[in-house]
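Chains as they are written, first to last, in this note's numbering: chain V, 3 to 400; chain F, 656 to 927.
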Amino acid sequence: MDDLLNIAPCGILLFDDGGNVLRANKTLKDLLGYNDQELEGKTVDNIFSVATRIFYNTHLFPVIKLHSRADEIFLTLVTKDKKDIPVLSNTVRRQNDGKFENLSVFVPLFERKKFEEEILQARRTAENALKENKQLQALTETLESRTRELEKKNQKIVAVNDDLTQFNKIISHDLQEPIRKIRLFTSMLTASGSDQMAERSRMALTKIESATERLSKLTLSLQQYVNVDADVKYTLVDLNDSLSAAASRVRASRKFDDFELVSGHLPSIEGFPAQLELLFYHLVDNAIQYRNPDRKLKIMIDHTVLEENVYRSIPDKYNFMEHVRIICSDNGVGFDNQFKEYVFDMIKKINIGTEGIGMGLALIKKIVSNHGGTVTVESRHGEGTQFTMVLPLRMGQS
Amino acid sequence: MHKDILRRNNVKIIGNGSQPMLFAHGFGCDQNMWRFLIPAFEQEYKIILFDYVGSGKSDLGAYNVERYSNLNGYAQDVLEVCDTLELREVIFVGHSVSSMVGVLAAIKRPDIFSRLILVGPSPCYINQPGYKGGFERKDIEELLDTMERNYIGWANFLAPAIMKNDDRPELAAELKESFCSTDPKIAGQFARATFFSDNRGDLEKLKKPALIMQCSDDLIAPYEVGEYLHHHLKDSTLRILKATGHCPHMSHPEESIDVMKEYLRSKVPAYG
């Protein structure tokens, strides 16, 4: 029988799970240009092309191992002098003396391969044409429906913008005037008859003055919020510059310098320089405002560049592009984490006692969204707060 | 949403432990490839198995070319499964390309993972100046050709995709049994996403400990690649297995289990 196997019109190969050749018939050795015992002891890697080796490791071996056989598998063998031989193979697996052996037969496919190539080529051409056609149709439909959506949204934006412009005018002019008058007349009252004034009236006046002061601050920060808009041209912004400019502005305005600010070398991103500075301003300002009086304030700014999908509002659309994730953490008083969404709302504050207006985090959220990014916050009461912002490195391509 | 993702990724949960151990299969296979390891871990851990969209018994309807031509899309599968099951302190076990998928996922969401076990990992398969990945571009093109030819047996594949051979469903079933991905197009995309990716720049961003299980004679992830990874992954342990080939968890499960258990017995180092 061995003689018959040796002259069988196909290559026969017995190998173990480690890929070691146990036996090969003469047909296979002749086909590959090896002498008598030359193949035994070598590994199958010697007779597989690089691509076949990958395919064997990723596809074929798992199949043989899981199903104990693999039929009609196309592989490329290589001869001793490095010529490719396309073959079709069948493999079975069996246990022999407690060891697993794999038995393969190889049938060369020179003629059939040419034929297959032609079929494959024709199929690719047909399929490409079909695919392009289908893709084009699908794209046209998507484009049409998205354009309509865009139109609707544009109309809404125009309306909202009109409202904002009027709103802004009211804040910056119409509201300022009565505030100014209240201030003027309260100070006249205080100045004129402070001696004669009853204690109760004096108290009431002081209350009016502080309420007016707050009203004035509120309108100013509302004005600032409305004015932060994305319709300016973006440039390449060095975030290190934004951070250091912001930090010195906070130091000056809060008259507070007793804190440590640690940051690695931040990247440059495309964005709006004034807004990015304002972003860091409010991050640092917020940390100072909510510092823990019992320990020195430490603000850590950590960052990582990673790829995220730029499409956040369109479902099933993906384009992974580079973003920078900036994590700003402090050792301040923190807050109950259940408020982590709430804190980004306008004029909402958790610590009522502090002097801020409650617009800082709303501004942070708006600026991040103007840049096509996201911001989240995690906090622990008594331990500190951590803001995570993810901003695209490039605005142009997104 | 919950059920959708669990069905989409054909998620299976087994085992009696509480700490989650998530097994992520590599290119060309599905969750079945882990079957020789599971018995060794199911008493102690909560085992989570899944198929990437496009592989195994996942929901092919959820396949999205844009998403899955990038390893970040596969990482999103991992993160969505973890978030759906609200997993924390996860031990991620990834084979082959899934190693880098796990690295990407752990960089994005360090809060989910405790440590990573990388079986036959490589951050870049193609040779680059000053780096030996093991392959040239043309080898990968040839692989794509080999794959295409091996799907030729599927009648659907010979005809343009639109002409579905619905009267012979047994052909599709057969192919599903043999290779773990049912659609040749998807398999090709996965191959491209795998072999043309270069994640060398991401390694230093990982802030989790990792075990590199390097086979002694692995064509797909040669020894130099294991060394490279060990050098660039800050908190990594490199173990050279006696096992040869690229699938030690299938060819040498006992050794793989021993190495994994030994690593898991070691304490998680505190990471700054």
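For each residue, glycine too, the CB sits at the ideal point set by N, CA and C.
Residues of the region 315–338 of chain V with a C-beta less than 9 Å from any C-beta of chain F: Asp318, Lys319, Tyr320, Asn321, Phe322 and Arg327, listed in chain order. Those residues of the region 41–59 of chain V placed with their C-beta closer than 8 Å to a C-beta in chain F are Thr45, Asp47, Ser51, Val52, Ala53, Thr54, Arg55, Ile56, Phe57 and Asn59, ordered along the chain. When V/Val23, V/Glu385 and V/Phe50 are compared, the shortest CA-CA separation from V/Leu41 is found for V/Val23. The C-alpha of V/Gly35 lies about 55 Å from the C-alpha of F/Asp659. V/Val392 counts as buried, since no fewer than 16 other beta carbons sit within 10 angstroms of its beta carbon. Between V/Gln388 and V/Ser331, the alpha-carbon positions lie close to 4 Å from each other. For F/Arg804, the nearest beta carbon of chain V is closer than 7 Å to its own beta carbon.
The beta strand (DSSP E) runs of length 3 or more contained entirely in the region 829–916 of chain F are, from start to end of the chain, 865–872 and 891–899. Bridge partners of V/Thr387 according to DSSP: V/Ser381. Membership of V/Met205 in the alpha helix (DSSP H) is indicated by the continuous run Glu201 to Asn229.
Distance from the Cα of V/Gly13 is smallest, within the candidate group V/Tyr58, V/Asn163 and V/Thr81, for V/Thr81. Here DSSP, grouped into helix, strand and coil, assigns V/Ala26 to strand. The three-state reading of DSSP puts V/Asn59 in helix, counting H, G and I together.
A Cβ-Cβ separation of about 11 Å leaves F/His907 out of contact with F/Leu692 under the 8 Å criterion. In this chain, the beta strand (DSSP E) harbouring V/Met302 covers Leu299 to Asn311. With a cut-off of 8 Å on Cβ pairs, the region 672–679 of chain F is in contact with the region 737–751 of chain F, counting three or more such pairs. Contact with chain F is absent for V/Asp18, since none of that chain's Cβ atoms lies less than 7 Å from the residue's Cβ.
Interface with chain F (7 Å Cβ-Cβ cutoff): V/Pro64 is included. At a Cβ-Cβ threshold of 7 Å, V/Val46 and V/Gly21 count as neighbours.
Chain F places no beta carbon closer than 7 Å to that of V/Thr142, leaving this residue out of the contacts. In the three-state reduction of the DSSP assignment, V/Lys171 falls in the helix class.
About 6 Å separates the beta carbons of F/Ser713 and F/Asn664, which is inside the 8 Å limit, making them a contact pair. Judged by DSSP secondary structure, V/Ile271 falls outside any alpha helix (DSSP H) and instead within the beta strand (DSSP E) spanning Ser270 to Gly273. For the region 880–910 of chain F, the set of residues with a beta-carbon nearer than 9 Å to any beta-carbon of chain V comprises Ala898, Thr899, Gly900, His901, Cys902, Met905, Ser906 and His907, in chain order.
In summary, F/Pro839 is buried, with 16 or more beta-carbon neighbours lying within 10 Å of its beta-carbon over all protein chains present.
Residue pairing from DSSP places F/Met676 in a beta bridge opposite F/Ile702 and F/Ile746.
Taking CB atoms only, F/Asn727 has a neighbour in chain V less than 7 Å away. The CB of V/Leu68 comes closer than 7 Å to the CB of Asn687 in chain F, given here in chain order. The region 272–282 of chain V and the region 318–327 of chain V do not touch, with fewer than 3 CB-CB distances between them shorter than 8 Å. Ranked by how close their Cα comes to the Cα of V/Arg125, the residues F/Glu699, F/Glu803 and F/Ala865 have F/Glu803 in first place. The alpha-carbon of V/Thr214 is positioned some 8 Å away from that of V/Ile184. Cβ neighbours of F/Arg770 within its own chain (closer than 7 Å, five residues either side excluded): Ile746, Lys863, Pro864, Ala865 and Val923. Looking at the DSSP output, V/Phe187 sits in no beta bridge, so it has no partner there.
For the region 855–883 of chain F, the set of positions with a beta-carbon nearer than 7 Å to some beta-carbon of chain V reads Lys860, Leu874 and Ile875 in chain order.
C-alpha of V/Lys136 to C-alpha of V/Lys319: approximately 18 Å in a straight line.
The DSSP-derived three-state label of V/Ile316 is coil.
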